[in-house]
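For what it's worth, our numbering labels the leading residue of the sequence shown as 3, then goes sequentially.
Each residue gets a CB set at the ideal place from its N, CA and C atoms; glycine is no exception.
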Amino acid sequence: MKVTITEENCIGCGQCEATCSDVFKIEDDGIAHVVGEVKEEFKEDVETAADGCPTSAINVENA
Ligand code: SF4
């Protein structure tokens, strides 16, 4: 699973971090970043976060 953020679309609302802080973190630049390796065990939460992103900035590619 590959997860990326379209940074120009992220408004830094924090929803993704609240949903899955193992994968998403709002950094000092005020937008979300993917932290570390995205393990399969986070798949469901990642998809919930992606679905809940108000600007559809989270991209999920399932390998
Ligand atoms: S939910 Fe979307 S807009 Fe909000 S911080 Fe995460 S990536 Fe950015």
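- Take A65, set aside five residues on each side of it, and the residues of its chain with a beta-carbon closer than 8 Å to its own are M3, K4, in chain order.
- Within the DSSP secondary-structure output, V62 pairs in a beta bridge with V5.
- Each residue's CA atom was taken as its position, placing I60 and K41 some 16 Å apart.
- Pairing N11 with S58, the inter-Cα distance amounts to about 8 Å.
- A direct Cα-Cα distance of roughly 16 Å separates V48 from I33.
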